[in-house]
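Trainee: Residue numbers (the working numbering): 4 to 932. Below is a structure I'd like to ask you about.
Now the structure itself:
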């Protein structure tokens, strides 16, 4: 591995790749962002190429933050990205907080994105990470978010990685970035001419065929060629005569190992000893650290360090040193005597502790020091796994599995480790492994508390993975443990409440929620009380008891605000905002979501982020802001997939399916539904309204009412006892009646009307529910007075699309032609403004209303800005004022992710590459009004 901050060597045979990369990084100076991935095997020259390109960018005044990742990075959350940004030149005080260990969690991502956006607004920026395959999990998550989030800023990301090892967070990120269409450069072996020129540069003279023939054994790998020729030259096996280098002598190196071996033999014994000791670290190191390892003073080592630097075995990396490439380090490490290696690792563990290195680095050294060190390493790995789990579940699972591998099957301490391992493995999505491990441990016989906690861990993990029935089964088993402690019982009841709800057992879910609340308050397990109450809120809403749903969520929020701690991490405001939205208290719901999101960012609870997007998208849809709802739901899906929270992606994909149908984009709707089906095929379940309503909406659009009603039979038949579909979205009542009437199923149409009437009677203060009942019955009977009543009631609610639907049906069923035309025109105006394209086309066809204008006012005729949706135009106008994305989000009351999504679409539609280009276009074409 070659330091990105060291002087660049020449690049040979890479003219095309270097030109592409230089163009990319120099584009930052012109305001263009983007991402480039350089792929190639170890030693193929990736680092040289990246370094040469970023030096060119620096010459143009572009700021650069560059660092290589190391294998040990994987166990220290955010260390790769934080370490890279700490190398930013010129430095940025606004990201100095990244040095604070306590802040290196998921909650920093919003803050980090804002800091980088502000920095890039002043100076273009290149962020380069070498050996990205070793990137830690939280850095990979952050980059996956930041690359699209900063796409409209002059930030160029450059990653270099090799294809092995597979399965690391860094490799998954690289594969995803390539799939998303980002630029990739794949480096192959050097051709003969490039090999000749590289050899000539190292020797300082032209070379003959003896050198080229030997270099040919390196298979065009520049690192091996350079090390070979440099070693031969230093050892006198390559001599220059009459300006030509030629190989002489015998016992020439035949492999990379022998190349490095000969290279070492060309150095003094003191320098060899220094290199062997340094190879133990596996990362950049200070001279003082090697001196401590060798138990000598640093001063005398300066001569040996210079010797190693001159031989190009070591290179400078800022204030530290590192091997010219990790392959060289590994080869040097291979020359160590095993007993000496054990002693050096023991001392390296001490040094790592003294320097405050990540616990896993200490453990890695201890693992190589024998049985006593192994025991200590297990403890360290266990503690490290628990520490990183909230931010990096996959890393935590790797650590705990490694710790388990070091313990004997019958080790008494293994039981406690298994209990945590089950939870961590399942949280990382390794459900089969978690279940196997848990069942094996349970067969061995455990004390009641450990037994119950192990079953709780399995129940919670399967619940969050969307396998609700399995979660119920494990919670049942946990509660069946004799003398289960009250605090554990509270947690089991809480998780079972939610799992039962999503399994369709509403009475059981409510009972568990009540039991969790009582047991949690009695034992001080307040998080269980909060989660139990939110489960009861879900049940009450599903049964149509909207005031109860609000009351339970409000009580849960009050407990969380009072006791904080784990209770706050349950984020009851998610359900409080949903309850407020069902009560048509939209502004209050907006504020609840805004406050809850801020709290989520502060606490670093990544799991909640997709849920905020889901519920906010539902609220935006009810308001008729469909473009913003789409952007919000798309951001939620992206984050859920980043977090491998596939269960949370299912309802979001259902939302996107319905929104695409509303906007008349049926191919997109089919793609979203297919994606949702793929997730469900893995055993994930969700609320039936999230799974089947999108299916029915799309079926109605592509196959007709009979197919749609067939998909929705279960939902319709359950409405008398589970009217939540109407409670959450009153437009569904008349929509279902339309379907049933057109399909010739009048009994089911009457079932929907009766359910809507009962729901309205149960919630007499809810105008939207009374309006929905009038609308549904008016569709069934054709009664114009009921439809007129629905119009008047919906006018007094914030539900614009519901009003448009009532206006449409009222216009179709009135004998007053003038009134009908007025209602039709109003309905068309609403759906056009909301971008409900399918409804607009239907209204124009069936009612003959006025056609919507093809170009909206605000920009000159023919401007490409008319291709944008109203929501996208609003974002473009704010960007033209010089606002950054988070400022746009605040001004338009959107999430930053929604603004990011709008901007990416704007750039694509307008074929612009920078915010400056967009601002110029807006200012050129905006009308002075």
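Glycine is no exception: its CB is placed at the ideal position from the N, C-alpha and C atoms. Computed from a prediction, not measured in an experiment: that's the story for all the values here.
By the DSSP assignment, the alpha helix (DSSP H) with residue 328 in it spans what residues?
Mentor: Here residue 328 refers to the residue found at position 325 when the chain shown is read from its first residue. The continuous stretches of alpha helix (DSSP H) do not include residue 328, and DSSP gives it neither H nor E.
Trainee: Which residue comes first and which comes last in the alpha helix (DSSP H) that contains residue 98?
Mentor: By one-based count along the chain shown, residue 98 stands at place 95. First-last for residue 98: undefined, no H or E at that position.
Trainee: Can you say whether residue 716 is buried or exposed, counting buried as having 16 or more other CB atoms within 10 angstroms of its CB?
Mentor: In the chain shown, the residue the question calls residue 716 occupies position 713. Burial is judged here by how many other beta carbons sit within 10 angstroms of a residue's own beta carbon; residue 716 has fewer than 16 and is exposed.
Trainee: Mind checking residue 528: buried by the 16 CB within 10 Å criterion, or exposed?
Mentor: Reading the chain shown from its first residue, position 525 is the one you call residue 528. That one is buried.
Trainee: Would you kindly work out how many angstroms separate the C-alpha atoms of residue 387 and residue 380, rounded to a whole number?
Mentor: Working through the chain shown from its first residue, we reach residue 387 at position 384. Working through the chain shown from its first residue, we reach residue 380 at position 377. Rounded to the nearest angstrom, the two C-alpha atoms are 10 Å apart.
Trainee: Mind checking residue 903: buried by the 16 CB within 10 Å criterion, or exposed?
Mentor: Here residue 903 refers to the residue found at position 900 of the chain shown. With 16 or more Cβ atoms within 10 Å of its Cβ, residue 903 is classed as buried.
Trainee: Going straight from the alpha carbon of residue 917 to that of residue 838, what length do you get?
Mentor: Locating residue 917 in the chain shown gives position 914, counting from the first residue. Locating residue 838 in the chain shown gives position 835, counting from the first residue. Approximately 27 Å between the Cα atoms of the pair.
Trainee: Can you name, in chain order, every residue of its own chain whose Cβ lies under 8 Å from the Cβ of residue 121, other than the five neighbours on each side?
Mentor: Counted from its first residue, the chain shown places residue 121 at position 118. So the list reads 97, 887, once near-sequence residues are dropped.
Trainee: According to the neighbour-count rule (16 or more other Cβ atoms, all chains shown, within 10 Å of its Cβ), is residue 148 buried or exposed?
Mentor: As a position in the chain shown, residue 148 is number 145, starting the count at 1. By the 10 Å Cβ count, residue 148 comes out buried.
Trainee: Taking 7 Å as the limit between beta carbons, can you name the residues of its chain near residue 877, skipping five residues before and five after?
Mentor: To locate residue 877, count along the chain shown from 1; it is residue 874. Contacts found: 895.
Trainee: What span of residues does the alpha helix (DSSP H) with residue 580 cover, start to end?
Mentor: If you number the chain shown from 1, residue 580 lands on position 577. Start and end: 576-585.
Trainee: Is it buried or exposed for residue 870, if we count other Cβ within 10 angstroms and need 16 for buried?
Mentor: Locating residue 870 in the chain shown gives position 867, counting from the first residue. Classification for residue 870: exposed.
Trainee: Short of 6 Å in beta carbon distance, which residues of its chain neighbour residue 913, apart from the five on each side in sequence? Order them along the chain.
Mentor: Numbered from 1 along the chain shown, position 910 holds the residue referred to as residue 913. Excluding residues within five positions, the ones whose Cβ falls inside 6 Å are 867.
Trainee: Helix, strand or coil, according to DSSP, for residue 73 in the structure here?
Mentor: The residue given as residue 73 occupies position 70 in the chain shown. Residue 73 falls in the coil class under three-state DSSP.
Trainee: What is the DSSP secondary structure of residue 90, reduced to helix, strand or coil?
Mentor: Indexing the chain shown from 1 puts residue 90 at position 87. Correct three-state label for residue 90: coil.
Trainee: Please go through the same chain and pick out, in chain order, the residues whose beta-carbon is closer than 6 Å to the beta-carbon of residue 269, but skip the five residues on each side of it.
Mentor: As a position in the chain shown, residue 269 is number 266, starting the count at 1. Cβ within range, chain order: 237, 238.
Trainee: With three or more C-beta pairs closer than 8 Å as the rule, is the segment 754-764 touching the segment 711-731?
Mentor: yes
Trainee: With C-beta atoms as the reference, is residue 129 less than 7 Å away from residue 165?
Mentor: Taking the first residue of the chain shown as position 1, residue 129 is located at position 126. Taking the first residue of the chain shown as position 1, residue 165 is located at position 162. Residue 129 is not a Cβ neighbour of residue 165, given a cutoff of 7 Å.
Trainee: Give me the Cα-Cα distance between residue 448 and residue 462, rounded to the nearest whole angstrom.
Mentor: Looking up residue 448 in the chain shown gives position 445. Looking up residue 462 in the chain shown gives position 459. So the alpha carbons of these two residues sit roughly 19 Å apart.
Trainee: Could you say which of 389, 450, 445, 414 lies nearest to residue 428 if we only look at CA atoms?
Mentor: One-based indexing of the chain shown puts residue 428 at position 425. Selected option, being the one with the closest Cα: 389.
Trainee: Taking the Cβ atom as the reference point for each residue, do residue 368 and residue 352 lie within a distance shorter than 7 Å?
Mentor: To locate residue 368, count along the chain shown from 1; it is residue 365. To locate residue 352, count along the chain shown from 1; it is residue 349. At a Cβ-Cβ threshold of 7 Å, residue 368 and residue 352 count as neighbours.
Trainee: Quickly, what does DSSP pair residue 186 with across the bridge? List them, please.
Mentor: Against the chain shown, residue 186 aligns to sequence position 183. Beta-bridge analysis with DSSP links residue 186 to 39.
Trainee: Determine the extent of the beta strand (DSSP E) in which residue 247 is found, giving its start and end residues.
Mentor: Translated into the one-based positions of the chain shown, residue 247 becomes position 244. From DSSP, the beta strand (DSSP E) with residue 247 extends over 247-250.
Trainee: Flag this pair as touching only if the segment 470-483 and the segment 494-511 have three or more C-beta atom pairs under 8 Å; answer yes or no.
Mentor: Taking a contact to require three or more Cβ pairs closer than 8 Å, the segment 470-483 and the segment 494-511 qualify as touching.
Trainee: Alpha carbon to alpha carbon, what distance is there between residue 384 and residue 363?
Mentor: Taking the first residue of the chain shown as 1, we reach residue 363 at position 360. Taking the first residue of the chain shown as 1, we reach residue 384 at position 381. C-alpha separation (whole angstroms): 6 Å.
Trainee: Within the same chain, show all residues whose beta-carbon is closer than 6 Å to that of residue 74, passing over the 5 residues directly before and after it, in chain order.
Mentor: For this step, residue 74 is matched to residue 71 along the chain shown. Here the set comprises 137.
Trainee: Buried or exposed: residue 872, going by 16 or more other Cβ atoms within 10 Å of its Cβ?
Mentor: Here residue 872 corresponds to residue number 869 of the chain shown, with the count starting at 1. Label assigned to residue 872: buried.
Trainee: Please name the residue in 524, 570, 584, 653 whose C-alpha comes closest to that of residue 550.
Mentor: Locating residue 550 in the chain shown gives position 547, where the first residue counts as 1. Looking at the Cα atoms, 584 is the closest of the given residues.
Trainee: Given a cut-off of 7 Å, decide if residue 456 and residue 491 are closer than it, judged by their beta-carbon atoms.
Mentor: Residue numbering aside, residue 491 sits at position 488 when the chain shown is read from its first letter. Residue numbering aside, residue 456 sits at position 453 when the chain shown is read from its first letter. Yes, Cβ-Cβ distance for residue 491 and residue 456 is below 7 Å.
Trainee: Does the ligand FMN have even one heavy atom less than 6 Å from the beta-carbon of residue 638?
Mentor: Inclusion of the ligand FMN in the displayed structure is not the case, the ligand content being empty and no account of it being possible.
Trainee: What did DSSP end up calling residue 799 once you bin it into helix, strand or coil?
Mentor: Indexing the chain shown from 1 puts residue 799 at position 796. Residue 799 falls in the coil class under three-state DSSP.
Trainee: Taking all protein chains shown into account, decide if residue 169 is buried (16 or more other Cβ within 10 angstroms of its Cβ) or exposed.
Mentor: By 1-based counting over the chain shown, the position of residue 169 is 166. By the 10 Å Cβ count, residue 169 comes out exposed.
Trainee: Looking at the secondary structure, which residues open and close the alpha helix (DSSP H) in which residue 642 lies?
Mentor: Numbered from 1 along the chain shown, position 639 holds the residue referred to as residue 642. Start and end: 629-645.
Trainee: Between which residues of its own chain and residue 470 is the CB-CB distance below 6 Å, once the five residues before and five after are set aside?
Mentor: Mapped onto the chain shown, residue 470 falls at position 467. Closer than 6 Å at the Cβ level, and outside the excluded window around residue 470, lie 686.
Trainee: Under a three-way DSSP split, which group does residue 288 fall into?
Mentor: The count along the chain shown starts at 1 and reaches residue 288 at position 285. DSSP places residue 288 in strand when its eight states are reduced to three.
Trainee: Does DSSP classify residue 47 as helix, strand or coil?
Mentor: On the chain shown, position 44 is the one that residue 47 refers to. Residue state, collapsed to three classes: coil.
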